[in-house]
Amino acid sequence: MSYDHKQIEAKWQERWESEKVFRAADDPSRPKFYNLCMYPYPSGALHQGHVRNYTFGDLLTRYKTMRGYNVLSPMGWDSFGLPAENAAIETGVHPRENTEAQITTMTRQIKQLGAMYDWDRELASHHPDYYRWNQWLFLQLWDRGLAYKKEAPVNWCPKDQTVLANEQVVDGACERCGTVVERKNLAQWFFKITDYVERLLADLDLLDEWPDRVRTMQRNWIGRSEGASFTIPVAGSDASFEVFTTRPDTIFGMTFCVLAPEHPLVADLIAGSEHEGEARAYISQASRASEIERMSEGEKTGVPTGAQAINPVNGKEVPIYIADYVLMGYGTGAIMAVPGQDQRDWDFATRYGLEIIRTVQPPDDWDGEAFVGDGLTVNSEFLDGLDQAAAKLRITDWLEEKGIGKRTVQYRLRDWLISRQRYWGSPIPIVSCPTCGLVPVPEDQLPVLLPDVQDYAPKGQSPLAGVEDWVATTCPSCGGDARRETDTMDTFVDSSWYFFRFTDPHNDHIAFEPEKARYWMAVDQYIGGVEHAILHLLYARFITKFLSDIGYSAVSEPFARLFTQGMITLGGSKMSKSKGNVVDPLDLFASHGADALRLYHLFIGPPTDDAAWDTNGVEGTWRFLDRFWRLVTETDRFENASTNRELLAQAHRAVKKVTEDIERFVFNTAIPPLMTLVNSLAEAVRTGIDRETFDEVVELLIKLLAPMAPHISHELWECTGHRTMLAVEPWPEWDGGLVAQATVVMVVQVNGKVRDRVEVPADIAPEEAERIALGLEKVQGWIDGASVQKVVARPPNLINLVVG
RNA sequence: GCCCGGGUGGCGGAAUGCAGACGCGAGGGGCUUAAACCCCCUUGAGCCGAAUCGGCUCGUGUGGGUUCAAAUCCCACCCCGGGCACCA
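Going by this note's numbering, the first residue of the first sequence is number 55, and it counts up by one from there.
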């Protein structure tokens, strides 16, 4: 009889839940393991990406539990955010109602997977119990000057009617809806992540259990550049401007300067100039140009200001241009242009007929344009003859001595723009008072509750602005009339500290007890999609460092070990509703069961890699489970047999292999030894096996399968007469004596080609291996009288005879 | 343009001194009135031999190199995927 996955899976899901097998107690006497899958947005439908994520996570939860760890594996909901609000705009249904219905649905689906969480610790970021502490976090940052409001040019999505962080702009378009992003000046809230930039960069080196790829992405995102900044005076005026360069050694090659169109000095420089009209037209065009147009590389355009700059090293006067290839947001918004050593400057110079001076000698065969490589400095007075490094050092010292400039480090990373003109998020706990200015809502008045609104449609400001009796309030400081901040927080704020809240999820007088966090943090294993490699992980690292600084966290890095899983693809592209290529996990729960689906996700390929979906593969893992099921439940004839020891040895080798593979987080190679062991066991049942060996091999197989296919494993554990809960049984150890092989098949090569194989003792000496190899008939045929010139012996696996 | 990954049968993928484990697919056989399920066998390409067994040659994107030995290490190139991108 084939196994009834529906009945068995329902039975065990109920048992695990009612017996609270996976509830984590705060017990500092036990070694802990904090295992966390990135908490999901409650979209309402479990997809294969979730299944893959939770299958990996649950395998680890169950494995570590069997290894005796006190495992914390919580689940929660990233439940604020745009999709629920956009749905509300269309349907009028309150986002809360919608979100909570979807949480209910997804909870049921996750339980159908058999993935175990401590549901007593469930949290959802839209609950006042949670966002109250989100607001608390905001106030902590405010108190230390790390939250501030300022007018800034921002990325504005005209469709969603909200501001986007730089990180949420992809190819000049809104990450969510694809609308081309505009630039707008608005007063916005920021977190000062740049205060932490050096630590965020330096501590990446400590994260040696993170994928290199993710560390590199973060490093590039932070974008540290060393160089010099210095002052350039404007000729015939008191004005001057600062520039930053990574190539101060090329300063003698400066033949013009460029200011960004938004540079504050521009207006003064062009006033009254013959180029004023032309320049104004250019500036206004640049400000209207969408981000995407400005970003498209190509022809560099610009206009002269008519003003001249004075090169501080040699007093040479060069023209000052305005061009949009210089960005106001990076460095000082002004550059010294050195076309000889910078391709962008070269392009600009050749277009406008400007002078080009090489100050680095290119190689003799150089036929390119700007030369950016290393070489001897030329045309540079006291720098001549120095290489790049020496010249940089020399000129930077010179600039510092003269008081003209200084060593400078620049970063690509900007402060984190956290305000959103949307409804479905944590209200920012600030009140604006005409006399006191911006005043924080006192901690004991938190949470600032999100009020209900009538109209969710975006109008350029948060829908909260329309709730007059909410907006109108009194100043906590002077008691006078004041108005509430109507922006809400970016949902990345919610997710930047939720892993702390899981350590003390019900606390209603503090965000979390530092003592509890001290026991559970850091997260030992964090599992999720690589799409969070930059934003979420960077923000979470920043907030953790902050919480550490204010005494709430004993760790300054939240995630000790990070695992990023690959995507599931079908027909060459990522499975997604919009592509219409989804395979619904719920259908597979019904047709093949959660165990077969889980096993398929483990087996399909390396967990880090993308994997091409093949429903036949689920059929395959189902067949494997069913074969094992029938073998255990239908075998009833036993006899003494001589091959039992070899079968037992194979079983113990499987224990070793599976254990080692789980430890190194590679699951696809942990399944084949189980499949071959089941096949060998079936073979042994056909040819004769004794009861004792059969039972031992079955017991090992059940335990090894327990973290991967838990339902069928638990049922078989019970079927084979055990009264204990398999989930908390100890993980099996392998018998070293059985694993070690007495004899090994040695490969015999002649001139590097395999010519024969021979069974030899595992501890064979090289000389003996050579003697045996030379005695083989086939080997003699290949040597054919020639002399053996060299013997490379790697006993007992291989020996290579080199003949000439 | 710069920085990461990656190219192995019909397919997903194993393999760090034996290429193709394991699974899927395909082909053949058994069971069956029949089909499905299940069980057994075959399955990189080419070739040799009185040939269901034994053997040979080639073969891991392309071209070189190092080595007794290369999918694996090195160099160059091609292709695919990802990240960043006028960052001075």
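Virtual Cβ for every residue (Gly too), placed ideally from N, Cα, C. It should be emphasised that the depicted structure is a prediction, and the values quoted were computed from it without experimental measurement.
Simplified DSSP assignment, three categories, for Q339:
helix
The alpha helix (DSSP H) enclosing P639, as first and last residue numbers
P639 to S645
Since Q464 contacts P512 with CB under 8 angstroms, what's their CB separation in whole angstroms?
Not quite, the Cβ-Cβ distance comes to about 35 angstroms (not below 8 angstroms), so this is no contact.
Nearest candidate by alpha-carbon position, reference P761, set F721, H776 and V525:
F721
Taking the straight line between their C-alpha atoms, what separation do you get for F87 and A724?
22 angstroms
Bounding residues of the beta strand (DSSP E) (the contiguous stretch that carries E813):
K807 to P815
DSSP bridge partner residues for K844 (one or two, in chain order)
V856
Own chain, CB closer than 7 angstroms to K844, minus 5 neighbours either side, in chain order
V856
Going by DSSP in three states, E280 sits in which element: helix, strand or coil?
strand
The beta strand (DSSP E) enclosing M390, as first and last residue numbers
A388 to A391
Let me check understanding here. Comparing Cα to Cα, which of A526, K74 and E63 lies closest to V782?
K74
For G582, list the residues DSSP reports as bridge partners.
T618
Rounded to the nearest angstrom, what separates S531 and D132 at their Cα positions?
34 angstroms
Whose C-beta lies closer than 8 angstroms to the C-beta of L453 among residues of the same chain, with five residues either side of it excluded?
A282, F284, P302, P366, G459 and K460
Segment contact flag, the stretch 310-318 with the stretch 372-392, C-beta cutoff 8 angstroms, min 3 pairs
yes
So who's on the other strand from S294, going by DSSP bridges?
P287
Kindly give me the distance between the Cβ atoms of S179 and F134, rounded to whole angstroms, as I take these residues to be in contact under 8 angstroms.
5 angstroms
I'd like to know if the stretch 664-675 and the stretch 618-630 are in contact, where contact means that at least 3 CB-CB pairs between them fall below 8 angstroms.
yes
With a cut-off of 8 angstroms on the beta carbons, I'd call L792 and L852 a contact; round off their distance for me.
That pair is no contact at about 24 angstroms.
Buried or exposed for W187, going by 16 or more other Cβ atoms inside 10 Å?
buried
Closest by C-alpha distance to N239, when choosing among T598, L758 and G514:
G514
Report buried or exposed for A321, applying the criterion of at least 16 other Cβ atoms within 10 angstroms of its Cβ.
exposed
State the Cα-Cα distance for the pair S549 and A594, rounded to the nearest angstrom.
7 angstroms
Report the rounded CA-to-CA distance for G659 versus V752, giving the unit in angstroms.
26 angstroms
Taking one C-beta from the stretch 636-652 and one from the stretch 674-681 each time, how about it: are there three or more such pairs within less than 8 angstroms?
yes
Exposure of T233, with buried meaning 16 or more beta-carbon neighbours within 10 Å
exposed
Where the alpha helix (DSSP H) through L191 begins and ends:
P182 to D197
Alpha carbon to alpha carbon, what distance is there between V485 and G533?
11 angstroms
DSSP three-state assignment for L792, whether helix, strand or coil:
helix
Would you check if there are 3 or more beta carbon pairs closer than 8 angstroms linking the stretch 141-148 to the stretch 95-112?
no
Where in the stretch 539-603 do unbroken runs of the alpha helix (DSSP H), each at least 4 residues long, occur, reported from the N-terminal end onward?
545-548, 552-555, 568-574 and 589-603
Are the stretch 581-598 and the stretch 256-273 touching, with three or more C-beta to C-beta distances below 8 angstroms?
yes
To which residues does DSSP link G383 through a beta bridge?
BP columns for G383 are empty, so no partner.
Where P137 falls: helix, strand or coil (DSSP)
helix
Check the DSSP bridge columns for F310 and list the partner residues they point to.
A391
Around the Cβ of V804, are there at least 16 other Cβ atoms within 10 angstroms (buried) or fewer (exposed)?
buried
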